[in-house]
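FYI, the numbering for the sequence shown is 1 to 142, going by UniProt numbering.
Each residue gets a CB set at the ideal place from its N, CA and C atoms; glycine is no exception.
Below you'll find the structure, written out as C-alpha cells, and then a few comments.
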Amino acid sequence: MTHPAPRRTVLLVTGAAALAAGCGGGSGGDGSSGGATEGTPSAGASGGRELAKTSEIPVGGGKVFADRKVVVTQPAQGEFKAFSAICTHQGCTVATVAGGTINCPCHKSEFRITDGSVVAGPAPRPLPAERITVQGDSIELA
Ligand code: FES
1 MTHPAPRRTV LLVTGAAALA AGCGGGSGGD GSSGGATEGT PSAGASGGRE LAKTSEIPVG
61 GGKVFADRKV VVTQPAQGEF KAFSAICTHQ GCTVATVAGG TINCPCHKSE FRITDGSVVA
121 GPAPRPLPAE RITVQGDSIE LA
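Put into C-alpha cells, the structure is as follows:
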C-alpha cells in the first residue's frame, strides 16, 4: 500500500504563453507591412470595404446595412454619417430609418439620424458612431 507520490504538473507556463500570444501590442499601425492577418474568408465582395453608393442614401434619411451592422444616414445633402446598427437596449439590429430617426423594431427605440442620440424608447445610450469615408460616389467603412 505504498503509493509513490504523484508527480506535480505545473501549468502556469502555458497560460503565460497564451497570454503573450493573444496580446496584439500597441505598435504603430500605418506601416501595414504585409497584412498577413486574414481571418475571415468572406465569400463574394472581393476587395474593398465599400458599403454603398451615395445615391442609395436618401437625404434626410438613411439606410440600414444589417449584414454589416451599420446604418448610414444623410441628414443634409452631402453630409453622411454612420452608426452601429446594434441597438443599445438589448442588441437588436435596427430596422428602418424614417421620420428623422433610426428605429429599432424590438422595443421601439428611436435614434436621431444626425448623431445617433436617443429620441424615444428604452435604449440607454446613443448608437455609437462608425467611421466612414466618402470617395466620389462611394461610401466606404473607414
Ligand atoms: S433592443 Fe432595441 S429597443 Fe429594445
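Closer than 8 Å: GLY121 CB and nearest ligand 1 heavy atom: yes
For PRO122, which of PHE111, ILE57 and GLY78 has the nearest alpha-carbon? PHE111
Within this structure, are the beta carbons of VAL71 and SER84 separated by less than 9 Å? yes
Please classify SER55 as buried or exposed, where buried requires at least 16 neighbouring CB atoms within 10 angstroms. exposed
Which residues does DSSP list as the beta-bridge partners of VAL134? Paired residue(s): ILE139.
Of the choices VAL59, PRO75, ILE102 and GLN74, whose alpha-carbon is the least far from that of ALA66? ILE102
Please report the straight-line C-alpha distance between ARG49 and THR133, rounded to a whole angstrom. 10 Å
Residue burial classification, ARG131 (beta-carbon count within 10 angstroms, cutoff 16): exposed
Residue of SER117, GLY136 and GLN135 minimising C-alpha distance to LEU127: Relative to the Cα of LEU127, the nearest Cα in the group SER117, GLY136 and GLN135 belongs to SER117.
Report all residues from its chain with a CB closer than 7 Å to the CB of ASP137; omit the five preceding and five following residues, and keep chain order. LYS53, THR54 and SER55
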